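Counting with mature numbering (1 follows the signal peptide of the UniProt record, and there is no 0), you get residues -19 to -1, 1 to 123 for the letters of the sequence shown. For glycine and all other residues, C-beta sits at the position ideal for the given N, C-alpha and C. Since the structure is predicted, the reported quantities are computational estimates derived from the model, not experimental observations. Okay, structure first, notes after.
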Amino acid sequence: MPRALILASALLAATAGQAAALELRVTVTGIAHANGQVRTALYDGPDGFRDEPDARVVATRAAAAAESGAMTVVFDGLSAGEHAVIITHDENGNGRMDRFLGMIPTEGYGLSNDPAVTGPPAFADCAFPVTADTSIVVPLNY
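See the structure below:
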């Protein structure tokens, strides 16, 4: 019995420092049409939030051909903590968010938590906890 207890304790100690790899499913709704790509960026903190195109992204930027209506993007291997998502519908495929006068988006965009936007969103406005496998819905705004 003591030998089994020591073995179990050693196994527990060896795995205690390993964080669980979590999954985030992001369902994008309100996609107006199938032109271009829907680009999803996932952030684990405020550093680099909103930067284009070289944002510090936790997992990877996901880009997929747009589908009218809704589509789902899955990020896996995440650590627990606060995360935020920015989605852009790159309608003309130029790889960036087009803006009127350099400020007002002229292509579809979505933010986790769907905050009211009167200026550039902050990470805190979009952040949500990931403590287990998580699913969120992000509507696009045009």
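The straight-line gap separating the alpha-carbon atoms of residue 93 and residue 6 is approximately 12 Å. Contact between the region 82 to 92 and the region 58 to 72 is present, with at least three C-beta pairs closer than 8 Å.
Within the region 36 to 114, the runs of beta strand (DSSP E) that reach at least 3 residues and sit entirely inside it are, in chain order, 43 to 46, 50 to 59, 62 to 71, 90 to 92 and 109 to 111.
Rounded to the nearest angstrom, the gap between the Cα atoms of residue 113 and residue 99 is 32 Å. Per DSSP, the continuous beta strand (DSSP E) segment holding residue 6 begins and ends at 3 to 12. Counting only the Cα atoms, residue 116 lies some 14 Å from residue 51.
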